[in-house]
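Numbering (the working numbering), first residue to last: 2 to 505. A virtual CB, placed ideally from N, CA and C, is assigned to each residue, including glycine.
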């Protein structure tokens, strides 16, 4: 039996946790998954308890380690990736202060609008941190919390991120040990040029004076603690196993798609429609976020919106097609439609929109003869066209090398992958790692243990499918679809803005 170390990568998403044990060559051995249901206690509120988040982590890890193929004594390192943005406050003991607010939350829409209406605040946030203030930004949510729940601010010791909550529970970090990494910190109050916290950005968000809440900064691959006895009993991970700082899931997924190299473009259709190019350049624009990566010299310029699976999930619930058999049958019917079939146009803003757009979900061109398959194709085309919308902005500043790496749950549908290639007008290669985020986390662990010389060589182990090329015969159709998508968005934008309002 091999004595080579195993790597445990944990990916904490917005609705589920995945734990994957990898061997020393980064091939997956076992997978554990546990849903982490979100709660909507009020309009625009999308959250879960931090205890519930941790329960999902322990459940996923225990499931992965229960596989007979896993020798838990060989686990050499643990690394966690997690969704970004939202807000997670902890006290000096690392315990929860308030809920775990997800990146799909919009309770701070009024605060985001307030900031967006002040050109000086917008300038400082964009120029110093490389971000635009959205409703789910940590800064706007911290301002909302300061106004609506000041007692939470009084009790809190640190503002951390999703993956940090899980890591703190795993290691027992307290007080001065609590930290975050650059890839998550850059979503909030970081001066990305100096790779340091910025009081100026705090002030611009309306969070001045809250510097004591900002945790220590570490590189993603830094070992920051070890699995505690209590966590070992809950998870089955051996006590004392090294735990790395961890990273934002966009960065982790990019590693799992072999895309964390300058010039490479990765698109993910998951909870978010995420489109990012790796770069060393600090170009800023309100249409994308310039975020530091696993080391402060590397960035991902990413343009995102919550316009992927939330929109599809809405439609499947509406049609009563949430089961896998019903879903597969519906996808097959949509794929069988002729290319020139008239279908509804869908603007997929059913769970939020990019900062400043103030958009809501929109369907146009519905006909009495349209059936479920026409609605599904309209939704899938709308999601694919959002990839194009985001990538077009990035293409104004960055050059891309090679095919687009495509990941996320939707990418597993060959039909959707073809739609994405046509919508983008670029070849795509689908990520073949079932859990790209967990792969990326495990890759950092493998480098830490010396199993690979560097991250570049580790991510070469990530598998991608053969290139899927845009269909030349469909070029005219997709040119028209892109134009119609943009035209509809411009037409309804005044209506959106008229009805935009903040939640509390």
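In whole angstroms, what is the alpha-carbon distance linking residue i and residue j?
i           : j           : result
residue 377 : residue 331 : 8 Å
residue 495 : residue 179 : 45 Å
residue 247 : residue 173 : 15 Å
residue 500 : residue 121 : 25 Å
residue 407 : residue 419 : 11 Å
residue 100 : residue 111 : 20 Å
residue 66  : residue 487 : 48 Å
residue 306 : residue 23  : 31 Å
residue 374 : residue 358 : 29 Å
residue 126 : residue 206 : 8 Å
residue 462 : residue 89  : 33 Å
residue 192 : residue 148 : 25 Å
residue 114 : residue 272 : 24 Å
residue 412 : residue 270 : 7 Å
residue 28  : residue 366 : 47 Å
residue 324 : residue 381 : 18 Å
residue 503 : residue 109 : Caution is warranted here: a pLDDT of 45 is assigned to residue 503, below 50, making its placement in the model unreliable, and no coordinate value can be reported.
residue 481 : residue 76  : 53 Å
residue 151 : residue 214 : 13 Å
For residue i, I'd like the list of residues in its chain whose CB is within less than 6 Å of its CB, leaving aside the five on either flank, ordered along the chain.
i           : result
residue 351 : 311, 312, 315 and 362
residue 241 : 227
residue 505 : Interpretation of residue 505 is limited by its pLDDT of 42, a score under 50 that renders its predicted location unreliable; the figure taken from the coordinates is listed afterwards. Nothing meets the Cβ criterion.
residue 439 : 10, 12, 19 and 21
Classify residue i as buried or exposed, calling it buried when 16 or more other Cβ atoms lie within 10 Å of its own Cβ.
i           : result
residue 506 : The requested residue 506 does not occur in the structure, where the chain is confined to residues 2 to 505.
residue 69  : exposed
residue 478 : exposed
residue 389 : buried
residue 356 : buried
residue 14  : buried
residue 342 : exposed
residue 333 : exposed
residue 319 : exposed
residue 370 : exposed
residue 74  : exposed
residue 93  : exposed
residue 216 : buried
Would you give the residue range spanned by the beta strand (DSSP E) that residue i belongs to?
i           : result
residue 270 : 266 to 270
residue 131 : Unbroken run through residue 131: none, as it is neither H nor E.
residue 363 : 363 to 365
residue 277 : 274 to 280
Who are the Cβ neighbours of residue i in its own chain at under 8 Å, not counting the five residues just before and after it?
i           : result
residue 225 : 168, 172, 174, 178, 180, 219, 244, 245 and 246
residue 146 : 88, 90, 99, 153 and 154
residue 414 : 332
residue 276 : 266, 267, 268, 269, 303, 304, 305, 388, 391, 392 and 395
Quick one: give me the first and last residue of the alpha helix (DSSP H) that residue i is part of.
i           : result
residue 146 : 139 to 149
residue 116 : 110 to 117
residue 389 : 373 to 396
residue 451 : Careful: residue 451 lies outside any alpha helix (DSSP H) and carries neither H nor E.
residue 1   : Here the chain covers residues 2 to 505 and nothing more, so residue 1 does not appear.
residue 185 : 183 to 186
residue 465 : It is not in any alpha helix (DSSP H) - residue 465 carries neither H nor E in the DSSP assignment.
Quick one: what's got a C-beta closer than 7 Å to residue i's C-beta in the same chain, skipping five residues either side?
i           : result
residue 423 : 471, 472, 475 and 479
residue 464 : 433 and 434
residue 280 : 263, 300, 302 and 399
residue 162 : 83, 85, 89, 181 and 185
Quiz prompt | Any alpha helix (DSSP H) of 4 or more consecutive residues that is wholly inside the region 7 to 78 | solution = 51 to 66
Quiz item: Which full runs of the beta strand (DSSP E) of 3+ residues lie inside the region 206 to 257, going along the chain?
Solution: 217 to 219, 224 to 227 and 243 to 245
Exercise. Pick out the complete beta strand (DSSP E) segments inside the region 408 to 438, 3 residues or longer, and give them in chain order.
Key: 429 to 431
Quiz prompt | Every unbroken beta strand (DSSP E) inside the region 289 to 316 [3 residues or more] | solution = 290 to 293 and 300 to 306
Quiz item: Taking only runs of the beta strand (DSSP E) that begin and end inside the region 331 to 358, which ones reach a length of at least 3 residues, in chain order?
Solution: 346 to 348
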